[in-house]
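Protein chains: 2
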Amino acid sequence: MGLTKTEIFTDQQNNIAQIAKAFGHPARVAILQHLIKINACICGDLVDEIGLAQPTISQHLKELKNIGIIQGNIEGTSVCYCINQDKWTEIKTMFMSFLSQEPTNSSCC
Amino acid sequence: MGLTKTEIFTDQQNNIAQIAKAFGHPARVAILQHLIKINACICGDLVDEIGLAQPTISQHLKELKNIGIIQGNIEGTSVCYCINQDKWTEIKTMFMSFLSQEPTNSSCC
DNA sequence: TTTATTAATCGTAATATTGCAATATAATAA
DNA sequence: TTATTATATTGCAATATTACGATTAATAAA
């Protein structure tokens, strides 16, 4: 199969999972961290910074773009990427509310 | 290929990605939410609660157990699962510090 | 116009994930 | 001992992901 049954879950559950999935690769975490640190970044710099081939970085950037967490502006022959602040805040809020639910001591373990 | 090059990333990046990957499926998000809500939960209840087959739930539980975020206690013929509070707190801290980095306005986009 | 430069896309191989039927295992009940 | 119950494991099919070489497209520079 290999196909997630999204229809049996809530929108919230699917949303959290979708964003988490995008965060679920170290290259994409590294890209986001670098974009935050450098503020804005040319794609080629990411290829140098992270040790993966250009098509691979491009593919990871595409996935991050798909969830709207980054955006790219064409500057001549290069593309400048940066974090979408509104989306970043939205995601932060979503994760905080998910993670801030405090599990209390359970009866069995 | 299909094989992540973990060796070129920092431990922090790999850790975030590993946890995010575990959160990257709505069934696992649903399991965690249910465990938090109900406080502790028999595996069979999760099969009823979520609409997936028993082996599928068992597999998702295994993945959550692998990252240490849940633990199970045998109670007769059934297994009672619950959140590992220490790990939950650790993960919360990790994600908060990742997400709390505020991206500033960039020059290009 | 020709030649870089830069990034996206295509194609593909290797591997991982998702989901479930069938089966195995382990503990209790009859 | 023989069910019964609850969960884990195995095996497998369908699909997704990761990575990269080759190619393409678009702009810039010569």
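Line order of the protein sequences matches chains A and B. Here the first sequence is numbered in full-length UniProt numbering, starting from 1 and rising by one per residue. Here the second sequence is numbered in full-length UniProt numbering, starting from 1 and rising by one per residue. Idealized CB from N, CA, C, for every residue including glycine. These figures come from a predicted structure and were not determined experimentally.
With H, G and I counted as helix, E and B as strand and the rest as coil, what does DSSP make of residue i?
{"i": "E102/B", "result": "coil"}
{"i": "S107/A", "result": "coil"}
{"i": "N73/B", "result": "strand"}
{"i": "I57/A", "result": "helix"}
{"i": "T4/A", "result": "coil"}
{"i": "L64/A", "result": "helix"}
Relative to the alpha-carbon of residue i, which residue among the options has its alpha-carbon at the smallest distance?
{"i": "T10/B", "options": "Q12/A, I31/A, T10/A, F9/A", "result": "I31/A"}
{"i": "A22/A", "options": "E63/A, V47/A, I8/A, L3/A", "result": "E63/A"}
{"i": "F67/B", "options": "V47/B, C80/B, A17/B, E49/B", "result": "Contrary to the premise, residue 67/B reads as Ile rather than Phe in this sequence. The shortest C-alpha separation from I67/B is found at A17/B."}
{"i": "Q13/B", "options": "P26/A, T4/A, T6/A", "result": "P26/A"}
{"i": "A20/A", "options": "G2/A, I50/A, M94/A", "result": "M94/A"}
{"i": "I91/B", "options": "L3/B, K65/B, N15/B, R28/B", "result": "N15/B"}
{"i": "H87/A", "options": "K65/A, C80/A, N105/A, V29/A", "result": "Correcting the residue type first, residue 87/A is Lys in the shown sequence and not His. When each option's Cα is compared against that of K87/A, the closest is K65/A."}
{"i": "E7/B", "options": "I50/A, S106/A, G2/A", "result": "I50/A"}
{"i": "I29/B", "options": "R28/A, T4/A, D48/A", "result": "The question names Ile, but residue 29/B in the sequence shown is Val. Nearest C-alpha to V29/B: T4/A."}
Look at residue i and residue j and say whether their C-beta atoms are less than 9 Å apart.
{"i": "L99/B", "j": "M96/A", "result": "yes"}
{"i": "C41/B", "j": "C82/A", "result": "no"}
{"i": "C43/A", "j": "G76/A", "result": "no"}
{"i": "I74/B", "j": "N84/B", "result": "no"}
{"i": "N39/A", "j": "P55/B", "result": "no"}
{"i": "Q33/A", "j": "Q59/B", "result": "no"}
{"i": "I57/B", "j": "L46/B", "result": "yes"}
{"i": "P2/A", "j": "G24/B", "result": "As written in the sequence, residue 2/A is Gly, which differs from the Pro given in the question. Not a contact, by the Cβ cut-off of 9 Å."}
{"i": "S106/A", "j": "C80/B", "result": "yes"}
Would you mind reading off the limits of the alpha helix (DSSP H) that contains residue i?
{"i": "I31/A", "result": "26-38"}
{"i": "I19/B", "result": "11-23"}
{"i": "I83/B", "result": "Taken as a continuous stretch (DSSP letters only), I83/B belongs to no alpha helix (DSSP H), being part of the beta strand (DSSP E) at 78-83."}
{"i": "L46/B", "result": "43-49"}
Say the cut is 8 Å; is the CB of residue i nearer than that to a heavy atom of the ligand ZN?
{"i": "L99/A", "result": "In terms of ligand content, the structure shown is empty, and the ligand ZN therefore cannot be addressed."}
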